[in-house]
Structures are given as structure tokens and as C-alpha cells.
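The listed protein sequences derive, respectively, from chains A and B.
Note that the UniProt record's numbering has the first sequence beginning at 1, numbered continuously upward.
Note that the UniProt record's numbering has the second sequence beginning at 1, numbered continuously upward.
Quick reminder that beta carbons are idealized off the backbone N, C-alpha and C, glycines included.
Only a predicted model underlies this, so the values are computations on that prediction, with no experimental measurement involved.
One structure is given here, and the rest of the page talks about it.
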Amino acid sequence: MCLWCRIRQKIPKKKKTYYAAHVMTPLLSAPGKKMAAVQDAPMELDAEKETKPEILSDGTSNLSGNTASGTLSSPPLTAGGAPKQEDQQTLIAVLQFLRRNKLTESVEILRREACLEDQEDSQTLDGSGGGKGDGDGGDANSLLSRVSIASAAAPQSTLTPIPVKNDQPDVSVVLSAYSQQGDPSLYQVYYSSLKNFIESVLDCHRAELSQLFYPLFVHMYLELVYNNHENKAKAFFEKFSGDQECYYQDDLRILCGLTKKEHLKGNEALLDFRTSRFVLRISRDSYQLLKRHLQERHNNQIWNIIQEHLYIDIFDGMPRSKSQIDSMSGSFAGETRREVNKAKVFYGLLKEPEIEVPLDDEDDEAENEEGKPKKKKTKKDSMGSKSKKQDPNAPQQNRIPLPELKDSDKLDKIMYMKESTKRIRLGPENLPSICFYSFLNAYQGLTAVDFTDDSSLLAGGFADSTVRVWSATPKKLRKVKSAAELNLIDKESDDVLERIMDEKTASESKNLYGHSGPVYGVSFSPDRNYLLSSSEDGTVRLWSLQTFTCLVGYKGHNYPVWDTHFSPFGYYFVSGGHDRVARLWATDHYQPLRIFAGHLADVTCTRFHPNSNYVVTGSTDRTIRLWDVLNGNCVRFFTGHKGPIHSLAFSPNGKFLASGSTDGRVLLWDIGHGLMIGELKGHTDTIYALKFSRDGEILASGSMDNTVRLWDSMKAFDDMETDDFTAATGHIHLPDNSQELLLGMYHSKSTPVTHLHFTRRNLLLAAGAYNSQ
Amino acid sequence: SSSQSGMTEREERRFAEVPRESIKLMAESSGVELSEEVAALLAEDVCYRLREATQNSSQFMRHAKRRKLSVEDLNRALRWSNTETICGYGAQDALPFRPLKEGELFFVEDREINLVELALATNIPKGCAETMVRVHVSYLDGKGNLEPQGTVPTAVQSLSEDLLKYYQQITRAILGEDPHLMKVKSVSHDLDQLNRLLHMVKSLVQNPYLYLGSYVRSLVSSVMYCILEPLAASINPLNDHWTLRDYAALLLSHIFWTHGDLVSGLYHQILLSLQKVLSDPVRPLCSHYGAVVGLHALGWKAVERVLYPHLPAYWANLQAVLDDYSVSNAQVKADGHKVYGAILVAVERLLKMKALSLTLAAEGSGAGLPGTTTGAVSFRENSPGLSPPPEPLSEPPLGIASHLQAGGAGCPWEEWTPVSLPAMYCELYSFFGDSLAVRFSTGLPLGGVPPPGPCQPLEGRKEPASSAPNLENTRKMPQLTASMNISPRQDGSPRMEPQPPSLAATVPGRSLARSSSSSVSRSRSSSSRPGRSTSQSRDIFPKARFPLPQAGPPAFSFIIGGRQMGRRCQGRRFQTSFSPTPPLTTHPPRAYAHKLPVIGRVSKPVRRWTCSHYSLHLPL
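Okay, here's the thing in C-alpha cells:
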């Protein structure tokens with residue numbers, strides 16, 4: 001399953017584009033050499049070509065075995081050993097899709113490589129009796145419907161894990177599952193009888209069983225709609241929509257507008273709701289109670305829905321409390337299954353390359369003057385961060401091929417180390433100073449901001465499709481001279497790098513024109529040579545900060561691209577958009593290297609892990625997913641937010657993740673254990689910016705409510721003991737300590753905080769557009 | 001179909017809906033005939049699509065990091081669902097949406113534009129300014145910068161949400177929309193702003209729930225600035241910076257009395273800086289004026305310690321100014337008179353208080369006070385030792401009344417010779433001549449409690465005082481009257497700072513002041529002053545102070561406040577004077593304006609003060 005990415009992107013109606021399964025290509029071995037060489041092949045979209053595995057792995061022997069060959073081989077199991085059977089079913093579905101789209105060559109390749117020839121037939125027979133008997137029939141629908149039935153039958157063994165990622169087969173197939181129905185007039189009776197039952201059970205069970213309300217409600221409503229019982233559906237909605245948890249309001253608003261079968265077909269979010277089974281976690285006792293009740297009452301309608309559309313993750317032990325449930329629920333897809341977050345994640349940092357730092361005498365003297373104790377401290381710090389030991393939790397150094405360090409990168413690293421010795425140690429007693437970069441006269445609407453790591457450049461994306469780059473230092477921005485002029489330069493001279501710059505073009509800011517829609521994301525490359533911007537026009541563009549021109553336009557999303565982010569080592573970048581997938585790109589490839597599919601709604605923000613081996617995405621479906629760059633697997637799935645996620649930040653040590661959403665809350669996650677470990681309440685509006693201080697002691701959050709808040713992240717991490725028990729069960733008790741953790745709240749004047757950045761010395765930079773209204 | 005209508009009814013409650021009639025109309029307008037059924041289906045679908053588009057558009061809004069859904073957002077959603085976009089509604093301003101009374105029709109107003117006029121218009125709109133980035137350090141080490149540009153001081157951060165809103169409103173009320181105001185110096189050209197700032201300081205000081213702590217020092221320094229500095233506003237003689245200085249001085253003393261204990265050595269620091277200004281002949285007269293007023297506000301002991309010893313030296317300078325009758329000197333001379341008046345007031349009170357203190361000491365703390373004495377007097381007895389320099393506070397009741405009378409009708413009571421301080425008096429008299437004595441005579445009787453010795457003459461003289469002929473004044477103060485003609489501004493006569501507690505007495509005085517200020521010439525003391533007001537002030541004077549109920553309605557609430565506060569602590573007496581007690585706020589500001597204690601001449605500023613005062617105070 002993980003070997004290729006599922007076809008989940010919407011097919012745009014405007015452009016006829018072929019989509020085929022992306023065969024996962026091994027990542028390039030030595031990308032650094034080709035880094036800037038992006039004048040590759042023409043950008044035609046050729047489906048046939050695309051599906052061919054690009055075997056580029058010349059020296060990737062270090063890659064993990066199953067991908068080293070660069071071809072499809074047995075898929076690594078996603079979580080806790082997903083049954084192979086399921087994978088194959090999905091494979092078949094894909095095959096059908098390819099066939100239907102006359103992509104015969106791809107079909108052949110896929111069949112050959114997945115060794116499916118034999119299994120295909122037998123597989124179809126595995127379906128639980130339903131459907132027609134013919135094997136690999138030309139009618140895709142019939143086959144697929146069998147596949148979906150087959151998977152629908154699986155919940156009989158609800159305890160056996162089911163693959164995380166359900167494929168999304170054809171629309172009509174999805175909906176056909178709703179065709180089996182009971183008497184529509186009895187739906188209200190069914191639902192209210194269950195409701196009465198749940199309300200009558202013991203308190204400890206009630207909270208758990210109440211989780212059933214929302215998914216049942218939605219499925220029953222959709223069934224009624226699907227079967228053209230419009231009035232009954234409306235009555236049903238009227239009667240029971242009030243019972244749902246407040247954090248489902250947004251969904252309900254969408255639902256209540258949807259009353260026709262035709263409308264249902266066009267609504268991807270609800271189709272996804274249907275295909276991805278809503279996950280509930282219920283203790284065994286509560287589950288038994290429910291089961292007994294439904295069987296006694298012969299409430300088959302409900303039982304069927306539970307069996308077919310819900311995934312009940314049963315655990316042994318005490319039922320969870322209401323607050324425990326509330327902290328984890330709220331997503332569009334239910335909760336996380338326990339086994340999903342069991343996969344090993346190498347969250348440690350990569351070993352820093354050993355670079356001799358030439359000791360600068362001046363610096364030393366200056367430090368002596370400042371005072372000895374300080375010097376001692378900082379020295380220790382720098383030692384700590386430069387630890388030569390391999391972090392046990394770190395991935396192998398070359399798990400993901402990374403570009404080689406250039407001389408300029410080494411220089412920059414030295415600069416970084418020097419700066420970090422002067423870094424201010426932050427803490428509750430020692431809060432950072434805040435500099436606010438206000439964008440004035442931003443009538444065209446500031447939509448995205450980024451700083452370079454050394455805080456020397458500042459980029460803004462605007463709703464008028466422009467990207468503007470400012471110099472945050474007195475040094476002005478200059479372009480490289482034209483080719484003709486460059487020819488005249490003495491290339492042997494020492495200051496050739498200075499000479500190639502055109503002094504006439506020096507200015508404080510540069511405008512980059514090229515997009516044809518609002519620019520929703522900007523990201524600097526770590527070496528400050530490139531800038532990425534993602535826009536509503538469906539493209540991601542790579543700009544050169546030497547020439548201030550556009551180098552590449554990466555097309556692939558075809559829908560608005562909400563966010564993009566460069567890998568901390570450069571070369572790779574990730575983007576996510578309205579097509580509900582995140583894509584991993586390399587700057588010198590016009591096709592994505594990986595497609596991370598699984599979110600049920602738009603991918604709103606994307607971030608690279610500090611070790612570049614993982615990518616995290618937040619979505620409008622109110623979930624967060626951590627993806628393994630190596631194999632494209634979703635290795636962590638976090639639920640708990642009650643609104644679309646708009647900001648994400650990794651702690652500098654890579655162990656923790658912070659996420660902010662429209663609900664005004666920041667949630668903290670332990671990546672290693674896959675647990676929520678903190679909830680920071682206080683903001684009153686969407687949190688658009690999150691950043692950890694350089695040492696991770698402070699978390700800064702910036703919001704639409706015109707405030708920056710500082711949180712004691714150290715305390716938050718320390719307070720939460722992730723003992724084995726909580727790690728095993730995933731049941732967390734969140735202390736309500738937001739007020740203790742809040743170290744400061746800082747107001748800006750009518751300026752929503754769009755971006756936050758800690759300088760290398762731990763000065764906090766905030767940016768936003770002044771809003772005169 | 002009945003069920004359908006019932007359904008649409010229900011739906012109408014949930015969303016706005018496009019009725020099928022509209023659909024039919026639209027179809028007809030494009031030449032298509034639709035059956036009822038088709039129209040109904042279409043209407044429903046259109047509604048759904050619209051809702052869908054709206055929901056999608058909200059995503060564009062969120063990603064643009066806005067709160068307001070724009071037409072552009074909806075257009076993007078439409079574009080992505082392959083629908084034609086709506087053109088012509090991209091303007092940022094809200095479009096007026098009007099109903100048509102006949103028929104339930106709503107439409108966007110679309111005025112005709114005269115293109116010729118537009119093309120020939122001379123007011124060509126300027127292009128919008130270049131987008132730029134400005135950086136400022138908002139918070140240093142997590143603490144608010146003292147000059148919060150576009151940010152809120154840290155002290156505010158701890159406030160709850162409600163308080164924060166309140167804070168924002170207050171700052172807006174005080175600062176207007178100008179964020180640069182926090183610095184006094186930057187606004188020294190704008191008296192209004194300075195006034196507002198001072199009022200803000202006052203309300204800060206008055207707020208009993210506020211612990212100012214170390215902020216007192218900075219407050220004092222900014223108030224001192226207003227008192228002493230030659231403000232940019234002073235350049236224009238039309239600016240009434242005198243009032244500002246008076247008010248600031250008052251405020252200074254108030255801060256000092258109420259919060260002086262928070263900062264050690266404050267008193268001496270203030271005195272020193274005042275002294276420095278006073279002894280610096282290079283400083284402009286307005287600074288000197290400020291120093292004198294400041295000293296006066298700090299109490300007679302301050303006057304005695306600083307002003308009195310400096311007087312001989314200073315007098316020479318002042319005299320030189322006053323004696324120069326050249327036209328070019330007119331303005332300076334006017335200022336000189338101002339200073340003269342201020343010194344006079346200060347010195348007179350000094351004399352009075354000194355006399356009083358002596359007599360009181362002799363009498364044993366006013367043991368012999370008759371029950372009929374004023375609250376002010378009785379208060380004075382109780383409190384002498386309470387706060388470090390208590391006297392000035394007890395004095396005020398006399399202050400205003402006396403100066404009013406003095407300003408009005410100079411009374412020739414210079415014959416009075418204080419037993420206790422003849423030397424001082426002699427010296428002062430040598431400077432001021434007749435104009436000095438006025439205060440004595442009128443003041444003391446009011447002070448009540450006349451000790452046998454000095455009192456007797458006073459009692460006797462009271463009569464003449466009340467009938468004081470205006471002529472006297474003109475005779476005794478030739479310089480003043482002359483100067484008045486030069487500039488209406490200058491109020492050479494000792495128009496006193498607003499010793500608040502004696503507000504009752506101020507009432508008539510205020511009206512008097514106003515009437516006089518409105519008259520262009522200085523003749524207020526003699527001819528133009530309406531006899532009514534003079535006599536009124538005289539008549540009311542003794543009565544008004546004690547019997548609360550009968551005095552003018554608004555004025556009296558004041559006095560009550562004054563007295564009660566006074567009992568508790570002397571230091572508070574000032575406060576009472578300008579802190580409008582709650583009932584006051586209900587009075588119309590205009591009425592209040594008359595009662596506001598003011599130094600110097602007040603015409604417009606009074607009202608403005610009160611207004612701003614009100615705006616500040618009401619929320620508190």
C-alpha cells in the first residue's frame with residue numbers, strides 16, 4: 001500500500017489530465033549536485049511516463065531494503081501488520097481504475113510488479129458472498145463494489161486491525177453501500193431508541209457511548225438523503241442535530257444544506273466520511289453493553305451502520321471520562337486508532353557535520369568583557385548542541401539522501417554556531433524581546449510571511465499574487481548582473497562574488513511577479529538562495545534570490561496550494577493544498593517524489609521535521625498526520641483539534657510538535673509516543689503562527705486576535721509524564737494548566753500575527769499586516 | 001406539492017433561499033420558458049450550490065488570514081467550481097443594499113457616474129502608498145517598551161479581557177487616534193493634548209484602587225515638565241498655557257499630598273528643581289510663573305523656604321520687565337504681570353498662613369473655635385500634624401475667596417500689621433505695596449477663629465471690605481490696570497489657583513472669572529464687572545461655606561466631598577476639589593464647568609477641561 005500513492009486527487013474538470021498511481025521512486029542519492037539544475041525535461045504531463053518507475057537509484061544501497069530496488073515489492077505494513085489481503089483488494093481497485101482509463105501499460109506494470117496475476121481471481125472470491133461471481137471483469141464497478149463489500153464485511157472481526165488508509169474507489173460504489181436500507185420512517189425510532197438507551201446507562205459508560213451519536217447521525221442522515229427520502233432526512237436532521245457536540249457545528253452546517261442525492265455525489269468531504277470509517281474508542285465493557293442492547297432490541301439498522309461504517313477500537317480497562325474523550329475527539333474522522341501511532345518514528349536529530357570552528361579572538365575578548373559566568377554557560381550550551389554522539393532516536397544519517405554541504409553552507413554553519421554561543425537562554429524568568437515587523441499599506445492583503453533562518457531576509461506573499469522580499473538588514477538586495485555583463489568580469493579576482501552583483505539594482509525590497517492568484521505560502525531555502533511560494537493558482541514556484549526571477553513552477557496540485565515548506569537541509573520541499581494531498585518535491589524534479597494522501601479535507605499547512613525524514617501536515621478535517629518521507633507512510637495521526645489546523649511547529653529537538661487551529665487552542669504532541677501532551681488555551685482566534693525558541697524552552701504563538709503569547713513549553717513537556725501505561729493505552733489526562741504555562745501575552749495594535757520567528761540569538765520576531773480598520 | 005411547500009417553509013428558516021419565481025424571471029430574461037416544476041428544482045439546486053460556494057469561499061478567507069469574507073473569496077470559490085464569477089462587486093467599501101418599497105425588491109444602488117466630471121476633476125486621488133515593512137522593538141525582555149508604538153504596555157497584559165477593552169477605550173479617549181502621544185515632549189505644541197494627559201494623570205492619582213508605586217516619580221516628572229518648561233505652545237500668546245501650568249501645579253501638589261510617601265525625598269527634589277528654575281534668570285517668564293505656582297501649590301512652607309528668600313533677587317528682574325512700557329515689550333510685560341500676580345498670591349498666603357499658624361499655636365490649636373466655624377477650619381485643627389506640610393491644605397478655603405475679592409476690589413487693609421511676622425510683611429510690602437494687604441484682610445475673617453489680637457482689626461475691617469469700592473483697587477494697583485489694557489490675557493491680579501475645598505466660595509468667583517475673561521479689557525476689576533456678581537459673592541460668601549443645602553445645587557455636593565475627605569486626611573482635600581463626587585457626574589457638564597477650580601483666566605479651556613474630565617471620569 002505504501003509503495004504507491006493512491007489516486008485521491010480530484011480530477012479537474014477544466015483540463016484533461018491523466019492520473020495514474022505514482023510508483024514510488026527512491027529518493028535521489030546525491031541530490032546536492034543537481035540542486036539548482038532545474039532545467040530538466042519539458043513539463044508535459046504524460047501519464048505513461050509518470051507511471052514508469054524512475055529508477056534513479058544508482059547508489060542508494062543504504063536505503064532500506066524494500067525500496068532499494070526502486071521497484072514495487074512487498075509493501076511494508078503500515079501499522080501493526082495490516083493484512084495483506086486488504087492491500088491487494090485496494091490494488092485491484094487501482095487496477096480497475098487504470099483499466100477504465102485505458103492505461104494498459106500501467107496496468108501491466110502494476111500487475112507484473114505486484115505479482116497479482118494469480119491472486120486477483122482468488123481475491124475476488126474472498127468477498128463475503130456479495131456481488132457477482134466473475135473475476136477480473138471489465139466492469140470496474142462491479143469489481144470495486146465487491147471490494148468495498150469485502151472490506152465492509154471485515155468488521156465482523158473488529159479487533160483485527162484494518163489498514164489505515166482506505167482507498168477511495170469510485171463514487172457510485174461508495175454510495176452504493178447506502179443502498180441497503182431499512183424502513184426510512186423508522187430511522188427516527190431507531191435513533192431515539194439508541195439515544196434513550198445511552199442516556200439510561202451508567203455515567204461511566206454514557207460518555208463513551210455518546211461518541212456514537214455523531215457518526216450514527218451523519219450516516220443515517222446520508223442514507224436517507226441517498227435514498228431520496230428528502231423530507232424524512234430533514235425531519236431527522238431537525239430532530240437530532242441539536243444533540244451533537246458543539247464542535248461538530250461546522251459539519252452539521254454543511255450537512256443540513258445537503259438534501260439531494262445529486263448533491264451528495266459532488267461533495268468529496270462527505271464521500272470521504274463515508275469511505276473512511278469513523279473511529280471510536282470504547283472500552284470493552286461499554287461495547288458489550290451496547291452490543292447486548294442492540295441485539296436484544298433487534299436494532300439491526302444501527303448495528304449495520306456500526307458494523308459497516310464505524311470502526312470501534314475496543315480496549316480493556318476503565319472507560320474513559322468525558323473530558324478524556326473530548327480532548328481527543330472532534331476530528332472529521334473520529335479518533336486515532338491505537339495501533340496507528342505505534343510505528344517507530346526516528347524523531348532524533350541528525351548528527352551535525354563536523355566543522356572546525358575557527359576561534360575568533362575578537363569574539364572571545366568581547367565575551368570576556370561581558371562577564372565570565374555567562375561565557376561558561378554559553379559554552380556549555382554550544383557543547384550540548386554539538387554533541388558528537390549519535391542520538392539513539394535519530395534516523396540513519398543517510399536514511400534520506402541529503403544534499404552535500406557546500407562551502408557556503410559550512411560557512412553558514414560556522415556563523416550559526418558563533419551566533420548560538422551568544423544566544424540568550426530563555427525561560428520563565430527570562431522572556432524574549434519581541435520585535436514586530438508591521439506591514440504597512442498592505443492593501444493587497446498579506447497572506448504569508450517567512451524569515452530566513454539568519455533573519456536577514458523577509459518575504460511576504462500577498463493576495464494580489466505578488467511575492468515581495470525585503471532585506472531585514474541594512475544590506476540591500478542586489479541582482480546578479482546580466483549574462484553579457486558577467487562576461488566582462490575577471491573571474492580570477494578574489495571578490496568575484498561581489499563583482500557579479502549589479503549595484504544599480506540595489507534596493508530594500510524586490511517584487512516577484514509570476515503567480516496568478518493569492519500567495520498562501522512562502523518559504524526560504526536554508527541557504528537563502530531560493531524562495532518557494534505556493535499560490536491559489538495551483539502552482540508552487542521556486543524563485544532565485546540571486547536574480548530575483550522565477551526558476552520553476554511546480555504543477556501538480558491543480559487546486560489552490562495552501563502551504564509549502566522547505567526541508568531544513570534544502571533540496572526537498574513539501575506542499576499541501578485543496579486537493580487533500582501533500583506532495584514531496586525535489587527542487588530539480590518537476591514531478592512530486594511522494595504524494596501523501598489520507599486527509600479527508602484540504603491540507604492547510606505543511607512542515608518538515610528538523611531531521612528532514614518526516615513531514616507533518618495539518619488539515620481542515622481537524623487532524624494532523626506525520627508522514628515518513630522515505631516510504632510515504634502515515635506514521636502518526638493526531639486528533640483533538642476542533643477546527644481546521646493552521647499552524648504547526650516542531651520543537652528544535654524534534655521530539656515534540658505543536659499545532660494551532662481556528663479553535664484558538666494550541667495542542668502539544670509527543671511524537672515518539674504518539675500522544676497529546678498538552679493543551680494551551682487562551683487565544684480567542686485562529687492561531688496562524690507557532691514557533692519554538694531556539695532551545696525549545698518557550699513556545700510562541702501568534703494569532704488573529706492580535707496577540708503573541710509565550711508558553712512555558714519546557715514545563716508543559718515535563719509535567720506530562722508519558723509513562724508506559726499512558727503510552728500503551730493512549731488515554732491521557734490533560735492537566736488544565738494553560739494559565740500556569742502562559743508566560744506572557746503581548747498585544748499588537750490592530751495587527752494580526754501572521755508569522756513568528758526566533759533569531760539565532762533568541763530574539764522573537766513577529767510579523768503581520770497593520771489593519772487600520 | 002403541499003409537502004414540498006411545507007418543506008421549503010422549513011428550509012426557509014435555515015437558509016436564505018432563491019424562490020422559484022426569481023428563477024423563472026431570470027430564465028425569462030434570457031429567453032427560456034421554464035415550467036413550474038423545473039423552476040422549483042432549479043431553485044433548490046441553485047440554493048445548494050450557493051451554499052456550497054459560500055462554504056468553500058470561507059476557506060479562501062481563512063487562508064488569506066482575514067475575518068471578513070470578500071466578494072473575491074466567493075468568486076474564487078465559484079471559479080474553482082467552474083462557475084462564472086460575479087464581476088463588479090470587488091470594491092472594498094460596503095455596497096448600499098436598498099429595498100424598494102413597492103414590491104419586495106432589494107437591489108444594490110448603482111448610481112450614474114458623470115464621466116466628464118470625473119475626468120475633469122481636479123482632486124486626483126493619490127496612488128496608495130508603497131507597501132513597506134517597519135520594525136520596532138515591541139517588548140524588551142518580555143516587558144513592554146515605555147514607548148509602546150502600536151503595542152500595549154506590559155502592565156496591561158495582566159488585565160482581564162473586559163479590563164483590556166476598557167483600557168483600549170480609555171487610551172483611545174485620551175490619546176485620540178494618535179499613538180505617538182505617550183511622550184509629553186512630542187506634544188508640547190498641543191495644549192489640548194497636554195491637558196488631556198494631565199487629566200489622565202489626575203485620574204490615575206485619584207483612583208483609589210491603583211497603587212502607583214514607582215510610577216509616581218515618572219508622573220511627577222511629566223507634570224513638572226508641564227509646569228516648568230517653556231512649552232512650544234507658549235510661543236503663541238493666544239494659547240492659554242497659564243491654565244495648563246496652574247492645573248499642573250495643582251496636580252503636582254495633589255500627587256505629592258496623596259502619594260508623596262511612596263517616593264522618598266520627593267518633596268526636596270521638587271523644591272530643588274523649582275528653585276533652580278526660579279533662580280535662573282535666563283528662563284522665560286512662563287517658566288518662572290510655573291515655578292511660583294508650583295511652590296504655591298506645594299504649600300506656604302515651600303513658599304517661605306524657596307520663594308521668599310529668592311524674592312529680593314528676583315524682584316529686580318521682574319520690576320525691570322514690568323517697568324518697560326515699550327510696545328515691543330508688551331508681551332513680556334504681560335507675562336511679567338502674570339508672574340507678579342502669582343508671586344503675590346503665594347506671598348499673601350504665606351503671610352496669612354504664617355499668621356494663622358502663629359495664632360493657632362498661641363491659642364492652643366484653635367480651642368476656642370466657635371461651633372459656627374467652617375468645616376475647613378475645624379478640619380484644620382484636627383489635622384495639623386498629619387502630613388508633612390499640612391498647612392497649605394487648610395489654607396485654601398481662604399485662598400480663593402480672598403483672591404476673588406482681591407481681584408475684584410482691592411481693599412486697602414495694608415495697615416494691618418502682623419505681630420508675629422512683621423519683618424516679612426514689611427519686606428513683602430516693600431515689594432508689593434498696597435496690593436499685598438488685600439488678602440490679609442479678607443482672608444482672615446473667613447479663616448474664622450480670630451485670635452483676639454490680630455482678629456479684632458479684621459472684624460472691623462470686614463465691613464469696609466464688603467463695600468469695597470472698586471476705585472480702591474485701581475488706585476492701589478496702577479501697574480496692573482495699565483497692563484490689562486495691553487493684553488486681555490494677562491491677569492496680573494492674583495487670580496489664584498483653584499484651592500478646591502473652598503468651592504462654595506468659588507462658585508461666584510467662577511462666574512465672575514468667566515464674565516471678566518469674556519470682557520476684553522482688564523476692566524473686570526472695576527467698571528465692566530457686574531455689580532451683581534460682586535455683591536453676590538460677598539453675600540454668599542459666609543453663608544455658602546457652611547450651610548450646604550441652600551447653596552447652588554451642583555456646587556454643594558462638592559463641598560460635602562471636600563469636607564468629608566478633609567476630615568480623614570488633610571492630604572485628600574485637594575483631591576476633593578476636582579474629583580467630581582459621583583452625584584456630580586449627573587450634573588450637566590456646563591454647570592459643572594462653573595464650579596471647576598481654575599487658576600488664572602479661563603474662557604474656553606474650562607469647558608474643554610470639564611468635557612475631557614468627564615470623558616475620563618465617567619467610566620471610572
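Cβ shell of residue i (< 6 Å), same chain only, five flanking positions each side left out
| i | result |
| --- | --- |
| ARG594 of chain A | LEU584, GLY632 |
| ALA39 of chain B | ARG20, ILE23, LYS24 |
| LEU648 of chain A | CYS605, ARG607, VAL616, GLY618, SER659 |
| ALA768 of chain A | A small correction: the amino acid at residue 768 of chain A is Gly; Ala does not occupy that position in the sequence shown. Counting only Cβ-Cβ distances below 6 Å, and skipping sequence neighbours, we find THR751, PRO752, VAL753, THR754. |
Sub-8 Å separation of residue i and residue j beta-carbons
| i | j | result |
| --- | --- | --- |
| ARG636 of chain A | ASN341 of chain A | yes |
| GLY702 of chain A | LEU668 of chain A | no |
| LEU255 of chain A | TYR221 of chain A | yes |
| ILE343 of chain B | GLY290 of chain B | no |
| GLU327 of chain A | GLU208 of chain A | A small correction: the amino acid at residue 327 of chain A is Ser; Glu does not occupy that position in the sequence shown. No, they are not a contact pair. |
Anticipated Cβ contact below 8 Å, residue i with residue j, distance rounded
| i | j | result |
| --- | --- | --- |
| THR639 of chain A | SER420 of chain A | Actually they do not touch by this definition, with Cβ atoms about 36 Å apart. |
| ASP621 of chain A | ALA601 of chain A | 4 Å |
| SER535 of chain A | SER433 of chain A | At roughly 34 Å, the Cβ-Cβ gap does not stay under 8 Å, so SER535 of chain A and SER433 of chain A are not in contact. |
| LEU264 of chain A | VAL225 of chain A | 6 Å |
Same chain, Cβ closer than 7 Å to residue i, neighbours up to 5 away in sequence not counted
| i | result |
| --- | --- |
| SER57 of chain B | LEU69, ASP73, LEU74, ARG76, ALA77 |
| SER455 of chain A | ALA472, HIS757, THR759, LEU765 |
| THR452 of chain A | PHE524, ARG528 |
Boundaries (first-last residue) of the alpha helix (DSSP H) holding residue i
| i | result |
| --- | --- |
| VAL449 of chain A | No alpha helix (DSSP H) contains VAL449 of chain A, which is instead part of the beta strand (DSSP E) from 446-451. |
| CYS550 of chain A | Counting along the chain, CYS550 of chain A falls outside any alpha helix (DSSP H), though it belongs to the beta strand (DSSP E) covering 549-555. |
| ASP240 of chain B | It is not in any alpha helix (DSSP H) - ASP240 of chain B carries neither H nor E in the DSSP assignment. |
| ARG297 of chain A | 284-297 |
| ARG253 of chain A | 249-257 |
Beta strand (DSSP E) segment containing residue i, residue limits
| i | result |
| --- | --- |
| LYS681 of chain A | 675-681 |
| ALA601 of chain A | Where ALA601 of chain A is concerned, there is no enclosing beta strand (DSSP E), given that its DSSP letter is neither H nor E. |
| PRO610 of chain A | Unbroken run through PRO610 of chain A: none, as it is neither H nor E. |
| LYS479 of chain A | 477-480 |
| ARG541 of chain A | 539-544 |
| ASP712 of chain A | 707-712 |
| SER420 of chain A | Element bounds for SER420 of chain A: not the beta strand (DSSP E) but the alpha helix (DSSP H), 407-421. |
| GLU503 of chain A | 501-507 |
| PHE638 of chain A | 634-639 |
8 Å Cβ shell around residue i - same chain, five flanking residues per side excluded
| i | result |
| --- | --- |
| ASP364 of chain A | For ASP364 of chain A, the predicted structure reports a pLDDT of 46, less than 50, and the residue's modelled location is therefore unreliable. The matter cannot be settled from this model. |
| VAL306 of chain B | LEU271, LEU274, GLN275, LEU278, LEU295 |
| ASP490 of chain A | VAL496, ARG499 |
| ALA442 of chain A | GLY460, PHE462, ALA769, TYR770 |
Within 8 Å of chain A by C-beta, residues of the segment 53-68 of chain B in sequence order
GLN55, GLN59, PHE60, ARG62, HIS63, ALA64, LYS65, ARG66, ARG67
Please list the residues of the segment 436-450 of chain A that have a C-beta atom closer than 9 Å to any C-beta atom in chain B, keeping them in chain order.
PHE436, TYR437, SER438, PHE439, LEU440, ASN441, ALA442, TYR443, GLN444, GLY445, LEU446, THR447, ALA448
Where the segment 521-551 of chain A meets chain B: residues whose CB sits under 8 Å from a CB there:
GLU536
Along the segment 454-473 of chain A, where does the CB come closer than 8 Å to a CB of chain B? Name the residues.
LEU458, GLY460, PHE462, ALA463, ARG468, TRP470, ALA472
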